[in-house]
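Following: one structure in structure tokens, then a few remarks.
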Amino acid sequence: MIHSLPQRKLGQHLTVSAIGYGAMGLSEFYGAVDTAHAQKILHQVIDCGVTLIDTADMYGHGKNEKLIGSVLKTLSDSTRAKLTIATK
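Under the UniProt record's numbering, think of the first position of the sequence shown as 1, with each following residue one higher.
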């Protein structure tokens with residue numbers, strides 16, 4: 001992560017960035033999306049300090065979660081440990 005954002009506590013034990021990223025648009029919900037471009041967007045979001053990424057298995061019938069997973073694999077352990085992935 002290059003930048004940091006203000007943090008908010010959720011419940012008793014979870015702290016996330018005050019701004020989260022809703023990843024619905026990365027899996028063709030609004031039209032075709034290039035995978036490489038979607039991965040670049042996620043990297044930029046994380047570099048900006050976002051630590052909360054919201055997704056759902058219905059976004060692209062699981063494609064969204066696979067896409068997020070492919071980006072998580074490229075991150076350092078310390079960066080990955082700071083992220084919270086919310087799914088519904």
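Just so you know, even glycine gets a beta-carbon here, dropped at the ideal spot from N, CA and C.
*DSSP beta-bridge partners of Gln7*: Ser17
*Going by the beta-carbon positions, is the gap between Leu75 and Ile53 smaller than 8 Å?*
Judged by their CB atoms, Leu75 and Ile53 are not nearer to each other than the 8 Å cut-off.
_Which same chain residues end up closer than 6 Å to Cys48 when comparing Cβ atoms and leaving out the 5 residues on each side of it in sequence?_
His3
*Rounded to whole angstroms, what's the CA-CA distance from Glu28 to Lys66? Just pull it up for me.*
13 Å
*Could you spell out the range, first to last residue, of the alpha helix (DSSP H) harbouring Asp77?*
77 to 81
_Contact set for Ile19: own chain, Cβ-Cβ below 7 Å, skip 5 residues either direction_ = Leu5, Val50
*State the DSSP-derived secondary structure class of Ile68, mapped to helix, strand or coil.*
helix
*Between which two residues does the alpha helix (DSSP H) harbouring Asp47 extend?*
35 to 47
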